Amino acid sequence: MSTIAFFGLGNMGSGMAANLVKAGHTVRAYDLSSEAVEHAEKAGCIATSSTKHALDGADVVVTMLPAGKHVKSIYFGADGIIENVQDGALLIDSSTIDVDSAREVIEAAEAKGLNMVDAPVSGGVAAAAAGTLTFMVGGSKSAFAKASIYLEAMGKNIFHAGEAGNGQVAKVCNNMLLGISMIGTCEAFALAEKLGLDAQTFFDISSTASGQNWSMTSYCPAPGPVSSAPSNRDYKPGFSAAMMLKDLRLAQQAAGAADASTPLGAHAEELYTKLETANKDDLDFSGIMKLIRGEL
Ligand code: NAD
12 MSTIAFFGLG NMGSGMAANL VKAGHTVRAY DLSSEAVEHA EKAGCIATSS
62 TKHALDGADV VVTMLPAGKH VKSIYFGADG IIENVQDGAL LIDSSTIDVD
112 SAREVIEAAE AKGLNMVDAP VSGGVAAAAA GTLTFMVGGS KSAFAKASIY
162 LEAMGKNIFH AGEAGNGQVA KVCNNMLLGI SMIGTCEAFA LAEKLGLDAQ
212 TFFDISSTAS GQNWSMTSYC PAPGPVSSAP SNRDYKPGFS AAMMLKDLRL
262 AQQAAGAADA STPLGAHAEE LYTKLETANK DDLDFSGIMK LIRGEL
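As structure tokens, then:
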């Protein structure tokens, strides 16, 4: 069993760290929030008071932080993970961050002889707590092989997406597609309704016809047809519009850097920005239905 330094015990990280404890590992928890550390301690983690303290005796590191700037700040510098972790350690960053930052950190880690993967996740807080996350992993084959045992303790589906940063590529491309398909689904339901076709009838037809997609069949943005969908609880998240906008912005950043044409991705970002401007980005991302219906 390993000693794991775990950084970022927020909504997602707290459940993930608890699952590593359940798998028999020693987990040394550090977060800027003392409340988050206390919560982790209750789940069986060892509370620590600094980055260096958390790294004491750790042969594995997991980070689950908000954005690229947080990841860079904790990995780099004299007090950072790369400088202070023990030789030969395995580093796993599961935060959703921009592709360039992910590649920059992994390159620096490899230059010090460390193994590192980017391993962002799909699945929300419930999947993190249940250990059923999907991991999309970028990095060398050997680093992926070493990381698998820890990822399996936190998730159900583990994919090697290829070279460093490719986990983030898979994540932002998937979520860009999800944002676009959600908006398209909202438009279709809103138009059907205006033309006199009720949501359930349209769902029954389209969910077995060529318009069928996940946003419709598992997460229908029109109230009624899918009882578990956030549309039936006034769009309480779920996966918030703010998190969708974060991922759409990362996709646009990556598209700009790669000179890729993503006109619908760009438009999806604009529409979710309108939800943010209206202070409604705490709604579930399917709450974009309110914007499409002209209710905001
Ligand atoms: P969160 O804000 O709840 O947790 C992040 C934690 O990191 C906070 O507790 C914060 O105090 C801590 N932190 C920040 N900087 C730190 C530092 N330098 N050292 C130690 N701790 C630090 O966020 P979350 O919802 O858990 O999301 C984490 C990541 O997972 C994000 O990148 C997010 O995009 C991604 N993600 C979230 C979800 C979701 O449903 N919440 C789903 C998929 C992916």
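Under this note's numbering, the residues of the sequence shown are numbered 12 to 307, in order.
Glycine is no exception: its CB is placed at the ideal position from the N, C-alpha and C atoms.
In this text the structure is predicted, and so the values were computed from the model without any measurement.
How many whole angstroms separate the CB atoms of residue i and residue j, which I take to be in contact at a CB cut-off of 8 Å?
{"i": "Val82", "j": "Ala100", "result": "Val82 to Ala100, Cβ: 16 Å. No contact."}
{"i": "Pro248", "j": "Asp295", "result": "4 Å"}
Closer than 7 Å: is that where the CB of residue i sits relative to any heavy atom of the ligand NAD?
{"i": "Asp215", "result": "no"}
{"i": "His81", "result": "yes"}
{"i": "Met23", "result": "yes"}
{"i": "Lys257", "result": "yes"}
{"i": "Met193", "result": "no"}
{"i": "Val73", "result": "no"}
{"i": "Gly166", "result": "no"}
{"i": "Val136", "result": "yes"}
{"i": "Phe170", "result": "no"}
{"i": "Ala253", "result": "no"}
{"i": "Asp67", "result": "no"}
{"i": "Ser84", "result": "yes"}
What residues match up with residue i in a beta bridge as DSSP calls it?
{"i": "Arg260", "result": "None, per the DSSP bridge assignment."}
{"i": "Ala58", "result": "Ala40"}
{"i": "Gly173", "result": "Gly149"}
{"i": "Asp70", "result": "In the DSSP output, where bridge partners are listed per residue, Asp70 has none listed."}
{"i": "Ile216", "result": "Ile216 is not bridged to any residue."}
{"i": "Phe250", "result": "Answer by DSSP bridge pairing: none, since Phe250 is not bridged."}
{"i": "Thr14", "result": "Thr37"}
Let me know if residue i comes out buried or exposed under the rule of 16 or more other beta-carbons within 10 Å of its beta-carbon.
{"i": "Arg244", "result": "exposed"}
{"i": "Pro274", "result": "exposed"}
{"i": "Ser272", "result": "exposed"}
{"i": "Ser229", "result": "exposed"}
{"i": "Thr212", "result": "exposed"}
{"i": "Ile160", "result": "exposed"}
{"i": "Leu43", "result": "exposed"}
{"i": "Ile303", "result": "buried"}
_Quick check for students: name the residue ranges of the beta strand (DSSP E) that lie wholly in the region 87-170, counting only runs of 3 or more._
Secondary structure in the region 87-170: the beta strand (DSSP E) runs of 3 residues or longer, each lying completely within the stretch, are 101-104, 126-129, 144-149 in chain order.
_Give the list of continuous alpha helix (DSSP H) stretches no shorter than 4 residues that lie fully inside the region 176-230._
177-205, 210-217, 225-228
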